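Asks: Number 129 in the UniProt record's numbering belongs to position 129 of the sequence shown; there are no gaps in the numbering.
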Amino acid sequence: MAKAETIILDRTGINRALTRIAHEILERNKGVEELVLVGIRTGGDHLAAQLAQRIAEIEGVQIPLGAVDVTMYRDDLGSRGSLPMGKTDIPFPLDGRQVVLVDDVLYTGRTIRAAMDALIDIGRPRTIQLAVLIDRGHRELPIRPDYIGRNVPTSREEKIQVDFDEQQAPVEVSLVKP
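(1) Exposed or buried, I8, counting other C-beta atoms within 10 Å across all chains shown (16 or more means buried)?
(2) Could you give the uninterrupted runs of the beta strand (DSSP E) lying entirely in the region 29 to 113, keeping only those of 3 residues or more?
(3) Just to check my reading of the structure: H46 and P145 have Cβ atoms closer than 8 Å, yes? What is that Cβ distance to the nearest angstrom?
(4) Once DSSP output is grouped into helix, strand and coil, what is the label at T6?
(5) Give the DSSP bridge partners of S174, in chain order.
(6) Check the DSSP bridge columns for Q129 and list the partner residues they point to.
(7) Tell me whether I134 sits in a helix, a strand or coil according to DSSP, three-state version.
(8) If we ignore side chains and look at the alpha-carbon of each, how far apart do V32 and Q98 end up?
(9) Would you tell me roughly how many angstroms separate the C-alpha atoms of R150 and L133, rounded to the nearest one?
(10) Tell me whether R150 sits in a helix, a strand or coil according to DSSP, three-state version.
(11) Any idea what DSSP makes of V143, helix, strand or coil?
(12) Using CA coordinates, which residue listed in R11, D121 and A49 is at the minimum distance from residue 180?
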């Protein structure tokens with residue numbers, strides 16, 4: 001059975017969305033003081049790096065950047081069998097920081113819940129804000145993003161695919177229909 005694929009965002013659209021999100025983060029947080037970015041592996045960590053680069057271009061300051069693996073915090077770990085473990089790399093304290101958690105696609109909210117659990121095990125941030133490139137709806141938990149690149153209403157059968165190049169820069173977001 002053939003799958004239909006529709007391009008939602010191309011490289012230019014993704015770049016515009018990430019630049020807008022970077023400006024929104026700076027505006028809401030009144031600059032970069034105590035601000036850190038933490039991307040969820042895999043996908044969110046690449047987008048967090050892109051956001052950190054844009055914030056550095058705008059503010060002239062490099063903000064701390066980390067990555068979190070949520071494998072061991074997932075609530076479906078038993079039903080999914082063996083999952084590859086990634087590495088959490090947060091080389092700075094989270095206590096009192098304004099953490100912007102970054103992911104590529106927000107769907108049920110379960111990955112975000114797992115990431116927040118992982119962050120709270122590491123430290124006690126002052127705030128945790130959520131930035132996502134795509135919000136596709138279908139929340140199962142009361143989680144809402146603070147920054148959204150694009151809202152894309154989907155059916156549960158559809159998939160959102162974010163493609164990255166060899167340098168881990170996002171190049172395309174597609175809606176894949178069965």
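No residue lacks a Cβ here, since even glycine has one placed at the ideal position from N, Cα and C. Note that this is a predicted model, so its numbers are computed, not measured.
Replies: In short, the structure shows the following:
(1) Classification of I8: buried, given that the 10 Å Cβ count is 16 or more.
(2) Whole beta strand (DSSP E) segments, 3+ residues: 35 to 40, 65 to 68 and 98 to 106.
(3) Contact between H46 and P145 fails: their C-beta atoms lie close to 17 Å from each other, not under 8 Å.
(4) T6 falls in the strand class under three-state DSSP.
(5) I7 and Q161, per the DSSP bridge assignment.
(6) Answer is V100.
(7) Collapsing the DSSP output to three states places I134 in a strand.
(8) If you draw a straight line from the Cα of V32 to the Cα of Q98, it is about 9 Å long.
(9) Straight-line spacing of the CA atoms in R150 and L133 works out to 6 Å.
(10) R150 sits in a strand when the DSSP states are folded into three classes.
(11) Here residue 143 is Ile; the residue named in the question, Val, does not match the sequence. Note: I143 maps to coil in three-state DSSP.
(12) Outside the displayed range of the chain (1 to 178) lies residue 180, so it cannot be described from this structure.
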